[in-house]
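Sequential numbering from 0 applies to the sequence shown in numbering that gives the first Met the number 0. First comes the structure, then the notes that go with it.
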Amino acid sequence: MRAFYKQLESAKPFPRIPEWEQIADKMGQWIEAAVWGRYTLDEALAEMTRDINRVLEKRRWMLKNQKTLQ
C-alpha cells in the first residue's frame with residue numbers, strides 16, 4: 000500500500016478534453032510500434048505528433064475562431 004500512496008503523490012489527471020481518448024489511443028499505437036522496432040523512436044514520435052495534431056486540428060480551429068462564431 001505504501002508504494003501506491005507514493006505514486007499518488009505525483010499523479011496528474013488526464014486532460015479534460017473530448018479528444019483525449021483518441022489521443023491516448025494514438026500514443027499507445029506509436030509507442031507499441033517503437034517498442035517492437037517497426038519504427039525508430041524518432042520516427043514513431045514524429046508520426047505520433049502528426050496524428051495527434053490531426054486530432055486536435057478541429058479544436059484549434061474552433062478556439063481560434065471562437066469570437067467570430069458567436
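Virtual Cβ for every residue (Gly too), placed ideally from N, Cα, C.
- Only buried fits Ala43, as 16 or more other CB atoms lie within 10 angstroms of its CB.
- In this structure, Met47 and Lys25 form a Cβ contact; the two beta carbons are roughly 6 Å apart against a cut-off of 8 Å.
- Distance from the CA atom of Leu7 to the CA atom of Leu62, rounded to whole angstroms, is 33 Å.
- Nearest in C-alpha terms to Asp41, of all of Ala2, Arg15 and Trp29, is Trp29.
- Secondary structure of Gly27 (DSSP, three-state): helix.
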